[in-house]
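Working notes for the structure below.
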Amino acid sequence: MIPYGRQEITAADEAAVLEVLRSDYLTTGPKVPEFEHALRTLTGAEYAFAMNSATSALHVACLALGLGPGRALWVPAITFAASANCARLCGAPVDFVDVDPLTCNIDVAALEARLVDAERDGMLPAAVMPVHMGGSPCEMSRLLALRDRFGFRLIEDASHAIGAHWDGAPIGSGRWSDATIFSFHPVKIITTAEGGALLCNDPELATRVELLRTHGITRRPDLLALSDPPGWHYEQHLLGLNYRMTDLQAALGCSQLHRLEDYIRRRNEIAGIYRQRLAHLPLHCQTVAANARSSYHLFIVQLRDDAPMDRRALFDHLRAAGIGVNVHYIPVYHHPYYRALGFRPGHCPGAETYYARALSIPMFATLSEADQTHVIETIDAALS
Ligand SMILES: *Cc1c(COP(=O)(O)O)cnc(C)c1O
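Under my numbering, residues 3 to 386 are what the sequence shown spells out, in order.
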């Protein structure tokens with residue numbers, strides 16, 4: 003089976019992890035700060051906090067930005083459930099904003115219309131979380147303008163988008179949002195096995211994030227209530243969690259990060275070949291904005307109405323042919339957990355249209371030319 007995505011682990015990655023395993027620190031030694039420094043260098047962000055998953059980093063972002071009862075999060079309907087769950091874990095209400103089926107990203111015009119209504123009704127959200135679907139950046143300049151007009155916080159779920167660019171600057175720079183989250187799950191662009199990071203530029207937010215990641219506990223002299231503390235002293239200032247990344251994971255992350263640019267180049271090359279060689283078929287390939295570079299975590303196609311088979315038939319056909327296609331994602335409000343909160347299928351028409359047609363086909367840096375050709379020819383034979 004050719005999977006839809008997979009990691010690459012090199013001899014250098016293995017050596018980096020083994021070195022940590024034989025060292026004094028398995029967790030939070032020198033490698034975590036080294037990885038965080040590398041993430042800051044990559045993005046230009048002032049602060050980077052590595053954590054044990056992107057889900058943890060999203061949860062911390064919601065806690066640090068004060069989401070909770072009466073302070074809602076709005077997320078696009080098409081995303082992984084964790085984008086919405088992080089707010090529910092804080093007791094915050096969640097609502098879903100429609101997506102543009104062509105870009106697969108949050109529909110900024112629909113968002114604006116919803117915000118105008120919400121302002122009139124006194125129901126503005128505390129935060130909005132754009133998700134860069136498949137690594138294709140959302141319209142960040144327009145989202146930033148809406149943030150400044152309506153006064154909510156912007157959290158980028160960039161789980162798919164390390165290495166992507168908007169307007170020539172890296173996603174994660176913090177130029178258009180309050181916080182950005184990366185995921186290092188093995189299917190994503192680079193991996194730490196499990197892992198994530200939160201990047202931001204605001205020092206006060208950064209301090210809350212730093213505390214929330216480790217039980218709310220600090221040894222930072224500038225934060226301690228006690229003056230002239232003894233050497234063993236530490237203080238808990240907030241109710242926090244243990245969301246730390248290990249040094250084993252950070253060493254893997256540092257090693258992988260050296261290949262990020264090569265990976266993004268290769269993924270863009272694969273995408274270019276798909277676009278060219280699938281162009282004559284009744285498929286829409288995800289639209290990427292002209293001023294953006296996608297990191298191509300996913301390559302998403304959507305079947306047009308004139309296709310000779312529907313998405314389910316094509317999915318089954320390709321799986322039977324050994325091609326590990328997948329669907330990203332089921333609209334989050336379809337899940338029984340969200341239905342129990344009162345959401346119903348049909349809530350977001352654009353998301354429903356997208357979901358009826360979408361398919362992710364194999365996309366990863368080590369996809370061979372022969373395997374990509376096999377994928378293209380199998381799809382071509384099915385749809386011609
Ligand atoms: C993968 C993913 C997450 C969660 O990442 P983990 O590191 O597995 O916790 C969150 N949001 C989106 C959009 C994702 O794709």
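The beta carbon of each residue, even a glycine, is placed where N, CA and C say it ideally should be. None of the values given here were measured: they were computed from a predicted structure.
When the Cα atoms are used, L320 and D97 turn out to be separated by approximately 34 Å. For the pair I80 and T105, the Cα-to-Cα distance works out to about 11 Å.
Assigned with DSSP and collapsed to three states, N203 falls in coil, not helix or strand. Setting aside the 5 residues that flank it on each side, D15 is surrounded in the same chain by L254, S257 and Q258, each with a C-beta closer than 8 Å to its C-beta; the list follows chain order. Per DSSP, F317 is one residue of the alpha helix (DSSP H) stretching across R313 to A322. By the Cβ neighbour-count rule, Q251 is buried, with 16 or more other Cβ atoms within 10 Å of its own. For A50 against L201, the beta-carbon gap comes to about 5 Å, under 8 Å, which counts as contact. Contact between T45 and A84 is absent: CB atoms are separated by about 21 Å, not below the 8 Å threshold.
Contact between A160 and G174 holds: their C-beta atoms lie close to 6 Å from each other, under 8 Å.
Proximity to ligand 1 was defined by a C-beta distance below 6 Å to any of its heavy atoms, and the residues meeting it, in sequence along the chain, are S55, A56, T57, T81, F82, A84, S85, V133, D159, S161, H162, S185, H187 and G198.
With a cutoff of 7 Å on beta-carbon distance, H187 and A163 are scored as not near each other. Among the bridge pairs identified by DSSP, H167 is matched with P172 and R295.
Residues G70 and P71 of the same chain have their beta carbon placed closer than 7 Å to that of G93, with the five preceding and five following residues left out of the count.
Around the beta-carbon of A281, fewer than 16 other beta-carbon atoms lie within 10 Å, marking it exposed. The C-alpha of Y265 lies about 43 Å from the C-alpha of D119.
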